[in-house]
Amino acid sequence: MSTPKQVNGHKPAVNLVPITKDDLVQVAEGNIAMFPSFYHGLEPADRRPPHAVRVQRHARRFERVLDSPDTVCTKAVLAEPFAGQPVGSLVGIAVWHKPGAPVVNPKRRAVLGDEYHGDAHSWDHVDMGAYEKIWTEWDDMRDRLMAGKDHWYLCPIWVKDEYQGFGFGRLLLEDILNRCDQQIPPTPVYLEATPTGKGLYKKLGFVEVGTSEYVEMVRWHKDGRAEP
1 MSTPKQVNGH KPAVNLVPIT KDDLVQVAEG NIAMFPSFYH GLEPADRRPP
51 HAVRVQRHAR RFERVLDSPD TVCTKAVLAE PFAGQPVGSL VGIAVWHKPG
101 APVVNPKRRA VLGDEYHGDA HSWDHVDMGA YEKIWTEWDD MRDRLMAGKD
151 HWYLCPIWVK DEYQGFGFGR LLLEDILNRC DQQIPPTPVY LEATPTGKGL
201 YKKLGFVEVG TSEYVEMVRW HKDGRAEP
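Residues in the sequence shown are numbered from 1 upward in steps of one, following the UniProt record's numbering.
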């Protein structure tokens, strides 16, 4: 079967719609697949369950993120059949933390609220020391760099490999960036960028404000101007 990039140069149409609980397994699969080195350190190989179990546990944890009143979770899906894939097939996602929310990553265990047995079980193979260390460091950095300013926080965004190069990452970003630009002054946006993602973010007005491996970037204005 042809991959999407090989279908007569045609760009598929997509819709942006909210992520639902029916998407949790696919989102979990994508998170793990798109950030393998990141999750490798948080879910050590000697503690990691079979892949299907790992995905189900990740999906259970992400369900609490989806339910949070502080998040906006959006997916891009095919609006037409394409390369053998039906309408509604998942293309990519973006998860946003809203302005005014606590400067604490919504994936942190303590933020997810009271746990039921299944929730606790979903963390069994996670190295909680490493997990809390990285999120604490990132949260502290964001808190320092944003200095109390309300902002959107992207955490995370990805597009499936077979749909990259069509501009869908930009589309997912602009869904929120356009809202920001309607405000006076524009609402800032904060993210941690992978080395491969920095180029797109810079085109959309983000500037580097940190030097971590996942470099901290902020968008104050769409033209890339610095903080007002």
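A virtual CB, placed ideally from N, CA and C, is assigned to each residue, including glycine.
Tell me the DSSP secondary structure of Gln6 in three-state form. Residue placement at Gln6 is poorly supported in this model, since its pLDDT is 48, which falls under 50; the coordinates still yield a value, given next. Here Gln6 carries a helix assignment [DSSP, helix/strand/coil].
Check whether Phe168 and Gly92 have beta carbons under 8 angstroms apart: Result yes, Cβ atoms of Phe168 and Gly92 sit closer than 8 angstroms.
Would you report the Cα separation of Arg57 and Trp96, rounded to the nearest angstrom? If you draw a straight line from the Cα of Arg57 to the Cα of Trp96, it comes to about 21 angstroms.
Could you please give me the residues that DSSP links to Asn15 through a beta bridge? Val77
When DSSP labels each residue in this structure, what does Pro156 get in the three-state scheme? Correct three-state label for Pro156: strand.
Given 8 angstroms as the limit, is there contact between the region 83 to 91 and the region 47 to 62, that is, 3 or more CB pairs closer than that? no
Return the first residue and the last residue of the alpha helix (DSSP H) that Val25 is part of. 24 to 34
Start and end residues, beta strand (DSSP E) containing Trp96: 90 to 97
Given 8 angstroms as the limit, is there contact between the region 10 to 30 and the region 60 to 79, that is, 3 or more CB pairs closer than that? yes
Taking the DSSP output, what are the residues bridged to Tyr190? Tyr153, Val218
So, are the CB atoms of His151 and Thr187 less than 8 angstroms apart? yes
Anyone know if the C-beta pair for Asp143 and Val103 falls short of 8 angstroms? Using a Cβ distance threshold of 8 angstroms, Asp143 and Val103 count as a contacting pair.
Once you ignore the five residues that flank Lys149 on each side, which residues in its own chain have a CB closer than 8 angstroms to its CB? Pro188
Environment of Arg54 [buried if 16+ CB atoms lie within 10 Å]: Classification for Arg54: buried.
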